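The block underneath contains the structure these notes are about, expressed in structure tokens.
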Amino acid sequence: MRGYPGAPNVGAANRLTTGRFEMRKKLLIALAAASALLTAPNSWADTPGVTDDTITLGEVVPLTGPPSLIGIAEMLGSVIAVEEVNAAGGINGRKIAVIREDDGYVPSRSVQAAIKLINVDNVFAFTNSSGTSHTLAVMEVLGEDNIPLVNAHAPATAQYTPPRHNVFVVGQSYTNGVREMIRYMATQKKGAKWATVTQDDEYGTELRTGYDAVAEEMGLETVVQLKYKRGQKDFSAEMLRVKEAGATAMLNGGIISEVVAMAKEAHKLGLDIYAGTLWTGRLPIVQDLVGEAGQGLITVDYVATLDEPAGQAFVEKAKKYLSAEQIEKLNRYSVSSYVGMQLTFEAIRNCGDDLTRECFIAKMEEIKDFDTGGLMGPVSFGKGVRFTNQQVRMIMSDVANKKFVPLTDF
């Protein structure tokens, strides 16, 4: 039977109920969508270190111990850049904050500092770095979450070969720097008998690789190659062996104190030798410590000297933000750090309001022929390119006049 008199029309009731349910369902969906549009966070809201008004960066640098001469100068370059950009209103409405940790130039402390900056301070990205092995150790920690690192301090080959998605290295490798310097020196002193004295670690390996490549390429006569221990103070035995080998040119593979110790020992032995070292030896403190023994020391670098127009303009800018005591601590690492921060700011700026780590990495890749105002040559990255491969120049240490004299251009 279809029904009985007075029985309800079940089909009509079902259709009415279903219709009302569908209308209510659509209304709820519409309200939910509208609510989501009103309350959904921007993608940057979930990005560590980014708020409505601040972007927090992290740095692990050696602020104590002998390498603090480099680390403090590096930090000051960062301070100048941050103060300058914040004085101009920040970037896209956000001010820049930097939290710095001292690793004392100890790799294990570098890792501990990086973990603290990530887990406690919640930083967006890392800028600057410590030494070669220290930075490589930190990179392993950053790579777990693709946290960006812009390193303008220790451009070792292992940091960008193979390229790492989150790591951008500004400068020139130790290997290529030595290669170009030895080529230059070999053309200036043809027929020289060569010696090398390098550290027995990753840094020394890069220097030896650069030298060996040019020695083979140019047929250089190598009479002795020596290694020294990290932290070594006395180089009398090494310099005596260099003298006994009859060397007339030398790769001084020291960092700071080692550069000084080798030069002074050679001078004491009456060893008239044409010596060259990396940019670590192009510091005012080296000139102060080495005295006349360092006159004419050749250095290779990709950064302008503070005596050139670009360097002088940098110092004048620094005077707005630093004390007179801090100004005295500026050196070439302050310049490279400043440029690294400028590149960081450029990528942040180009992400607009919606800043994420992936956007930052993408915008770093897009940097091409960035104008440093003469502090370096033009700077470029690219798709899959994580190393700027800066042009280098030769510089002579004029200890007598307390200057570093450019011999070639970028």
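Quick note: the sequence shown uses this note's numbering, first residue 32, plus one each step. Ideal Cβ positions, reconstructed from N, Cα and C, are used throughout, including at glycine. Bear in mind the structure is a predicted one, so any value in this text is a computation, not a measurement.
Its chain contains R125 as the residues whose beta carbon lies nearer than 6 Å to that of D84, once the 5 sequence neighbours on both sides are disregarded; these appear in chain order. Taking every protein chain shown into account, the CB of M249 has fewer than 16 other CB atoms within 10 angstroms, so this residue is exposed.
Relative to T375, the option among N159, T336 and P186 whose CA is nearest is N159.
Note that the region 317-331 does not touch the region 340-360; fewer than 3 beta-carbon pairs, one per stretch, sit closer than 8 Å. Here P186 has V200, V201, G202, Q203, S204, Y205 and F418 as same chain residues with Cβ atoms under 8 Å from its own Cβ, once five neighbours each way along the sequence are excluded. The residue from G285, L251, G162 and E252 with its alpha-carbon nearest to that of D265 is G285. DSSP lists I426 as the bridge partner or partners of P437.
Bounds of any beta strand (DSSP E) do not take in I304, whose DSSP letter is neither H nor E. Under the three-state reduction of DSSP, E132 is assigned to strand. When secondary structure is reduced to three states using DSSP, A226 falls in the strand class. Rounded to the nearest whole angstrom, the CA to CA distance from T82 to F157 is 17 Å. Looking at A112, T188 and T87, the one whose alpha-carbon comes closest to that of T166 is T188. Where D332 is concerned, the enclosing beta strand (DSSP E) starts and stops at I329 to D332. At a Cβ-Cβ threshold of 8 Å, Q422 and G408 count as neighbours.
The C-beta of P193 has fewer than 16 other C-beta atoms within 10 Å across all chains shown, which makes the residue exposed. The C-beta of V321 has 16 or more other C-beta atoms within 10 Å across all chains shown, which makes the residue buried. For the pair R131 and G301, the Cα-to-Cα distance works out to about 45 Å. Partner residues in the beta bridge of V255, as assigned by DSSP, are A226. Annotated three-state conformation of E359 is coil, per DSSP.
Here the region 217-228 lies against the region 249-262, with 3 or more beta-carbon pairs under 8 Å apart.
Counting only unbroken stretches of 3 or more residues, the beta strand (DSSP E) elements lying wholly within the region 72-149 are 85-92 and 126-133, in sequence order. Of the other Cβ atoms in all chains shown, 16 or more fall within 10 Å of the Cβ of V317; this residue is therefore buried.
Taking 8 Å as the upper bound for CB-CB distance, V209 and L148 are not in contact here, some 32 Å apart. Taking every protein chain shown into account, the CB of I146 has fewer than 16 other CB atoms within 10 angstroms, so this residue is exposed. When secondary structure is reduced to three states using DSSP, T192 falls in the coil class, being assigned neither helix nor strand.
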